[in-house]
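Trainee: Residue numbers (the UniProt record's numbering): 1 to 209.
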Amino acid sequence: MFLCWGDLPPQLCSQCVANATKDILSDSYPNCYLTTDARIELRDCMIRFSNRSFFSTVDLNSYFYSCSSSDASDKTNWMSVFSKTINEVADEAANSTVGAKKYATKEARISGGFQSLYCEAQCTPDLSPQDCRKCLNVSIANSQQFCEGLASPVSSPSCSIRSDVYPFYRPSTALAQQERFPQIFSSTDSQHPAYLSHNCSSNETMITT
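#1: Pull up the CB-CB distance for R162 and A151, whole angstroms please, since I reckon it's below 8 Å.
#2: Since V89 and A121 are thought to touch, with beta carbons under 8 Å apart, how far apart are those beta carbons, to the nearest angstrom?
#3: Is it the case that the Cβ atoms of Y169 and D7 are separated by a distance below 8 Å?
#4: From the DSSP output, in three-state form, read off L12 for me.
#5: To the nearest angstrom, how far is the alpha carbon of N51 from that of K84?
#6: Is it right to say L42 is buried, meaning 16 or more other beta carbons lie within 10 angstroms of its own, or is it exposed?
#7: From the DSSP output, which residues share a beta bridge with E120?
#8: For F82, which residues does DSSP report across the bridge?
#9: Would you kindly work out how many angstroms separate the C-alpha atoms of F49 and C159, rounded to a whole number?
#10: Classify A20 as helix, strand or coil using the three-state DSSP reduction.
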């Protein structure tokens, strides 16, 4: 399975998947290409393979999170707005029509300040609305517990969320105008600017940078 963030144009999605495929088959991750169950996540996409079926099954056992370096000026008000907005985004993503991307974004203004909140949520399209929302609930809870609602991202094999004070996703009218990481990289994960995490069943270790 491969999955790109819903704001990614098809050409950049293909390039991101090519990056991830090249990485997971490289000597940088020998436990991945020699195993039967692996996942690698770049900033814009993830790929996963296994010798067992995982389609239509929500995975709540493996989460990766990366807290944003941004700072909310009013953290009490921020958490209130974050909780409301991210749950609205999660509802919209989970309840997407059949065949559509389980993906949603929303911007909210932090009252009494000059900051905005940007939220993004996505599930793999094979999940039911109930399983998608269940997965996003765990991501939201992890973001609140570990990152105070500023996470980029909190992800699992089944879903992901992002939230920050700057607009990190593409507006639907500008998908073809922006590029994040179009080139093919051949560097190690610590040098790869799009690398987030990988997990291989042979060692059950989540590696992050």
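Note that CB positions come from ideal geometry on N, CA and C, so glycine has one too.
The structure presented is a predicted model; accordingly, all values stated were derived computationally and were not measured.
Mentor: According to the structure shown:
#1: Going by Cβ atoms, the distance from R162 to A151 rounds to 7 Å, so yes, they are a contact pair.
#2: 5 Å
#3: yes
#4: Of the three classes helix, strand and coil, the one that applies to L12 here is helix, per DSSP.
#5: 39 Å
#6: Under this definition L42 is a buried residue.
#7: In DSSP, E120 forms a bridge with T105, R162.
#8: DSSP, once it has assigned bridges, lists no residue as partnering F82.
#9: Approximately 16 Å, taken between the alpha carbons.
#10: helix
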